[in-house]
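For the sequence shown, position 232 (counting from the first letter as 1) is numbered 1273 according to our numbering, and the numbering increases by one without interruption. Every residue gets a Cβ at the ideal spot worked out from N, C-alpha and C, and that includes glycine. Just so it is clear, the structure is predicted and the values come from calculations on it, not from any experiment.
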Amino acid sequence: MTFPLFVRNDLDFRPIFSLRRLIRKERYDIVHFHTKRAHALSLWLRRIYPGIRYLVTRRMDYPVRRNWYNDYLYNRQVDGVVAISQKIVDLLVQGGVRQERIRLIHSGIDPAPFQKMPAADSDKCPTVIGTAAVLEERKGHRFLLEAAALLKRGGHRLKYRFAGDGSERERLQQIVLELGLREDVEMIGFVSDMPGFLSTIDIFVLPSVYEGLGVAILEAMAAGKPVVATRVGGIPELVSDAATGLLVPPMNPQALTQAISTLLSQPGLAQQMGEKGRGRVRKHFTVEQMAKKNEDFYYELLEDQFDPHLLSSPYRGEGRVRVRR
1042 MTFPLFVRND
1052 LDFRPIFSLR
1062 RLIRKERYDI
1072 VHFHTKRAHA
1082 LSLWLRRIYP
1092 GIRYLVTRRM
1102 DYPVRRNWYN
1112 DYLYNRQVDG
1122 VVAISQKIVD
1132 LLVQGGVRQE
1142 RIRLIHSGID
1152 PAPFQKMPAA
1162 DSDKCPTVIG
1172 TAAVLEERKG
1182 HRFLLEAAAL
1192 LKRGGHRLKY
1202 RFAGDGSERE
1212 RLQQIVLELG
1222 LREDVEMIGF
1232 VSDMPGFLST
1242 IDIFVLPSVY
1252 EGLGVAILEA
1262 MAAGKPVVAT
1272 RVGGIPELVS
1282 DAATGLLVPP
1292 MNPQALTQAI
1302 STLLSQPGLA
1312 QQMGEKGRGR
1322 VRKHFTVEQM
1332 AKKNEDFYYE
1342 LLEDQFDPHL
1352 LSSPYRGEGR
1362 VRVRR
């Protein structure tokens, strides 16, 4: 079930009334926050329901400021913190969050829809480079456009498909015109059918400046696409450099150009990377693995409330403890 709530800012307490009614009705044992603004609700909820366990998932790879507010939010208002990458774990610890409160749980996906999609036509020309991300400066789209211009000057005949929308759309469209890429770049907006989108491209590129993990990379790998991505945030935890893809420094069009050129000139290598990436997702990054690790953390937080023999039972979770994400 989904219960939509709008939170204006960290001090907006209006959703508390709806949450209070919901918690009273459903009698939850755990409340799991998944955004910064939702996390701020713990300032109010903990006072009303001190017996509930609270935890938050941190997804952004921005530094956590070491101050009284973050110390209060992370070390006192919640019982645990989930970080989706080791990079975020490190940033949390540097910001003063106690290590023992943090659990590393990578995001996962369902690879099945990406394995059933039709294979791209390897004989078609030109090759299609694809990216999928919100159109914001932190995603580094302009560096991919600059690399596209360099590749075009080098004689490569390529097409580019940008999936996603956002505040940078108009500026990126202007850059496309300035670089003479009008006939080469297609901005298709928000895409709900990622398997369908990935079936139309040959190489996936994510040129992020900041990236907590990069679920779009997991989807591309599950689809068997070779990946070129920046060595930032949690991306190196997904992409095994020179095995499942190629990692480059951020904000470096020349490095992107070189990596894409390598895959263009070695189609066998590109195919091999795609196949290895698909296997890596199945082995390490499925939604089942993610859910199991979250569930284990939930029960760890509840150990002092219930009989530990019940917590270790294979029948745990069958109606005794209810959680709402």
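Check, Outcome
"Three-pair Cβ contact test at 8 Å for the stretch 1108-1120 versus the stretch 1300-1310", "no"
"Val-1269 and Val-1250 closer than 9 Å at C-beta", "no"
"Inter-residue spacing [alpha-carbon to alpha-carbon] between Ala-1188 and Ala-1263", "25 Å"
"Residue of Leu-1086, Gly-1149, Val-1134 and Arg-1106 minimising C-alpha distance to Ala-1332", "Gly-1149"
"Pro-1349 versus Tyr-1201 - alpha carbon distance", "Low local confidence applies: a pLDDT of 49 at Pro-1349 is under 50, so the model's placement there is unreliable, and no value is given."
"His-1325 burial status per 10 Å Cβ neighbour count (16 or more: buried)", "exposed"
"Residues near Arg-1323 by beta carbon distance below 7 Å, same chain, minus five either side", "Pro-1152"
"For Leu-1297 and Ile-1125, the rounded distance between their alpha carbons", "26 Å"
"The stretch 1072-1083 in contact with the stretch 1051-1059 per 3-pair CB rule at 8 Å", "yes"
"Met-1228, DSSP secondary structure in three states", "strand"
"Closest by C-alpha distance to Thr-1098, when choosing among His-1147, Leu-1279 and Gln-1215", "His-1147"
"Beta-carbon spacing of Arg-1142, Val-1122 below 9 Å", "yes"
"Counterpart residues of Leu-1287 in DSSP-defined beta bridges", "Val-1269"
"Inter-residue spacing [alpha-carbon to alpha-carbon] between Pro-1091 and Asp-1070", "11 Å"
"Segments assigned beta strand (DSSP E), at least 3 residues, entirely inside the stretch 1192-1269", "1199-1204, 1226-1230 and 1244-1247"
"Distance between Thr-1076 and Lys-1066 (C-alpha atoms, nearest Å)", "23 Å"
"Short Cβ contact (9 Å threshold) for Pro-1267 with Leu-1287", "yes"
"Bridge partner(s) assigned by DSSP for Ala-1332", "According to DSSP, which records beta bridges pairwise, Ala-1332 is partnered with nothing at all."
"Ordered list of beta strand (DSSP E) runs contained in the stretch 1063-1097, each at least 3 residues", "1071-1074"
"For Thr-1327: DSSP bridge partner residues", "Ile-1150"
"CA-to-CA distance, Phe-1074 to Gly-1205, given in whole angstroms", "25 Å"
"Per DSSP, the bridge partner or partners of Leu-1145", "Ala-1124"
"Arg-1099 - DSSP class collapsed to helix/strand/coil", "strand"
"Inter-residue CB distance, Leu-1239 and Glu-1252 (contact presumed, cutoff 8 Å)", "That pair is no contact at about 18 Å."
"Under the three-state DSSP convention, the category Gly-1171 falls into", "strand"
"Residue range of the alpha helix (DSSP H) that includes Glu-1278", "1276-1279"
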